[in-house]
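Q:
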Amino acid sequence: MELSPEVSRGLQLAGDTAHIPDKLYTKLVSYACDVLLEPSQCGPVPDAGADAGCVKGALAALSTLFLEAAKHDINTDSLSHTLEDSKFSNDRIEIFSKKFLAKKHGLRALLSSIGNFPPHIVDVDWRIQHYIKNDCLNRVCQPLFLIDLKTEKSDAGEQSVQLACNQEELQDLVGKLRDACKTLQRTAQES
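First residue of the sequence shown: 216, per our numbering; consecutive thereafter.
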């Protein structure tokens, strides 16, 4: 897990008992996690008379570490190693690890809800309409394919996307979908 220099400095502040006393550290760990999961429930940042700059840096670093650890789904050994590199005592490592394990599922759920994911197709309906003449009264005698794709997005429910195409356009669409399937199968076999 890669952490920026700013986060590393903030973690070193959080691990240093001269800058962040033990009681304040426990409050900061709880606050850093709670502000991510339930921001409306959190009050002011605890400071207990410590330097405001140190508290802000430590809080930002602890919050970042919670998110990065959840994002990479790291285990407690890796987390302990990261905290040891930042000069954390065993007690502080244990406090952070316990809070992380207790809130890991919620943090991962929060991270999965962030982003823009395209909808996925759950059903397809189609029908053929035969056009005998167009609006200029010319004879066409050509089928028109009406395709209705039912899509589902995690937050919006089911929606419908409608397409109309002639036979050549439909063959082109089917060919491109087959190419995409073959590429996906090749990629899956390579990994």
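For each residue, glycine too, the CB sits at the ideal point set by N, CA and C.
Excluding the 5 residues flanking Q357 on each side, which residues of the same chain have their C-beta closer than 7 Å to its C-beta?
A: By 1-based counting over the sequence shown, the position of residue 357 is 142. Excluding positions up to five away in sequence, the list reads Y346 and N381.
Q: Out of D237, A276 and F360, which has the shortest C-alpha to C-alpha gap to I310?
A: Against the sequence shown, residue 310 aligns to sequence position 95. Nearest C-alpha to I310: D237.
Q: From G390 to L325, what does the alpha carbon distance come to, in whole angstroms?
A: Within the sequence shown, numbered from 1, the residue matching residue 390 stands at position 175. Within the sequence shown, numbered from 1, the residue matching residue 325 stands at position 110. About 38 Å.
Q: Do the CB positions of K319 and D231 come within less than 8 Å of each other?
A: As a first step, residue 319 must be located in the sequence shown, where it is residue number 104. As a first step, residue 231 must be located in the sequence shown, where it is residue number 16. Cβ distance not < 8 Å, so K319 and D231 don't count as in contact.
Q: Check S223 in the structure and name its three-state DSSP category.
A: As a working mapping, residue 223 is identified with position 8 in the sequence shown. Three-state result, S223: helix.
Q: Just to confirm the assignment, what range does the beta strand (DSSP E) spanning L378 have?
A: Working through the sequence shown from its first residue, we reach residue 378 at position 163. Segment G372 to C380, the beta strand (DSSP E) holding L378.
Q: Can you find at least 3 beta carbon pairs, one from the region 259-273 and one from the region 216-235, that sit closer than 8 Å?
A: yes
Q: Should S328 be labelled buried (16 or more other beta-carbon atoms within 10 Å of its own) or exposed?
A: Along the sequence shown, read from residue 1 onward, the residue named residue 328 stands at position 113. Classification for S328: exposed.
Q: Under a Cβ-count criterion, where at least 16 other Cβ atoms within 10 Å of its own Cβ denotes burial, should S278 be classed as buried or exposed?
A: For the purposes of this step, residue 278 is identified with residue 63 of the sequence shown, where counting begins at 1. It counts as buried.
Q: Pop quiz: D249 and Q256 are said to be a contact at Cβ under 8 Å. What is the actual Cβ separation, rounded to whole angstroms?
A: Taking the first residue of the sequence shown as position 1, residue 249 is located at position 34. Taking the first residue of the sequence shown as position 1, residue 256 is located at position 41. Right, the Cβ-Cβ distance comes to about 7 Å (below 8 Å), so this counts as a contact.
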